[in-house]
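Basically the numbering used here = 1-based index in the sequence shown + 390. Ideal Cβ placement from N, Cα and C applies to all residues, glycine included. From a predicted model like this one, the values you see are computed outputs, not experimental measurements.
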Amino acid sequence: MAWTLFLISDLAIGASVGVVGLFKDKAMVRIDGGAPRMISAGQTIQGVKLLSADSEAAVFEVDGKRRTLNMGQSFAAMEGNGGQSSVILNADGRGHFITTGAVNGGAMVFLLDTGATSVTLHASEASRLGINYKSGQRIGMSTANGIVPAWRVTLNSVRVGGITVYQVDGLVVESSLEVALLGMSFLNRTNMKREGQTMTLTQRY
């Protein structure tokens, strides 16, 4: 699935980088919205250094920090309004907002879902993160396939880009769930602003 992610943290304004092609030790990139350019491992262009690349991903160094990007991914280092951390997401071809992040420090892929009351994980992901979800409150959750069992849990932290929130209400389900849902228990702690195919999340507290 091709999707674009812009990460905005509390860094000073810096280069934006988007990956449009991946090769062995080379990557085709757009820097600051310019024309695609080929960059080789070890080369630096406009403050963006390519450390390594293959057909799966490229590793860059920007502003002294390493960023790993897959095909179609982008990031921009700049400061959010009022110094608040923000994330800008671009919709994929199906109109979905997909982003990487972390739950309790473990990497996660999220689908932004304003219809989900809580951050929702599949049981296998919860187990991977060491969450003993069956010690939580068992409830029935309504899905397209009927009522399925779910467990209420409290997630120590949920991070997306530069936004980290703590003690987040979560749900764990054992039924089919292709990707974790970034629900309102996280989104309610942000200001959401949609403009066309982009969604901006700015941390409130």
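Cα-Cα separation between G485 and Q587, rounded to whole angstroms: The count along the sequence shown starts at 1 and reaches residue 485 at position 95. The count along the sequence shown starts at 1 and reaches residue 587 at position 197. Approximately 7 Å, taken between the alpha carbons.
DSSP three-state assignment for F487, whether helix, strand or coil: By one-based count along the sequence shown, residue 487 stands at place 97. Here F487 sits in coil by DSSP.
Three-way DSSP call (helix, strand, coil) for A516 in this model: The residue you call residue 516 lines up with position 126 of the sequence shown. Helix, per DSSP.
Selection from L572, G530, V563 and I435 that minimises the alpha carbon distance to S547: Sequence index remark: in the sequence shown, residue 547 carries index 157 (1-based). Nearest of L572, G530, V563 and I435 to S547, Cα basis: L572.
Local conformation of W393 per DSSP, three classes: Looking up residue 393 in the sequence shown gives position 3. Confidence is the limiting factor: at W393 the pLDDT is only 38, short of 50, which leaves the residue's position unreliable, though a coordinate-based value still follows. Note: W393 maps to coil in three-state DSSP.
C-alpha gap between E536 and T507, whole angstroms: Indexing the sequence shown from 1 puts residue 536 at position 146. Indexing the sequence shown from 1 puts residue 507 at position 117. The amino acid occupying residue 536 in the given sequence is Gly; Glu does not appear at that position. The straight-line gap from Cα to Cα measures roughly 17 Å.
Beta-carbon proximity check, L519 vs N494, cutoff 7 Å: Residue mapping note: residue 519 aligns to position 129 of the sequence shown, counting from 1. Residue mapping note: residue 494 aligns to position 104 of the sequence shown, counting from 1. Contact: yes.
Cross-strand partners of K416 (DSSP beta bridge): Translated into the one-based positions of the sequence shown, residue 416 becomes position 26. Answer is F413 and S430, bridged to K416.
Endpoints, the alpha helix (DSSP H) within which V574 is located: Position 184 of the sequence shown, counting from 1, holds the residue named residue 574. Here residue 574 turns out to be Met, not Val, going by the sequence shown. Looking at the DSSP string, the run of the alpha helix (DSSP H) that includes M574 is M574 to L577.
Range of the contiguous beta strand (DSSP E) that encloses V569: Within the sequence shown, residue 569 is the residue found at index 179, counting from 1. Segment: none, V569 is in no beta strand (DSSP E) and carries neither H nor E.
Own chain residues within Cβ distance below 8 Å of A513, not counting five before or after: Translated into the one-based positions of the sequence shown, residue 513 becomes position 123. Correct list, in chain order: Y523, V562, V563 and E564.
DSSP-derived helix/strand/coil call for Y523: Here residue 523 corresponds to residue number 133 of the sequence shown, with the count starting at 1. Residue state, collapsed to three classes: helix.
For G437, three-class secondary structure by DSSP: Here residue 437 is taken as the residue at index 47 of the sequence shown, counted from 1. In the structure shown, G437 sits in coil (DSSP, three-state: anything other than H, G, I, E or B).
Helix, strand or coil at Q587 [DSSP, three-state]: Sequence index remark: in the sequence shown, residue 587 carries index 197 (1-based). Residue state, collapsed to three classes: coil.
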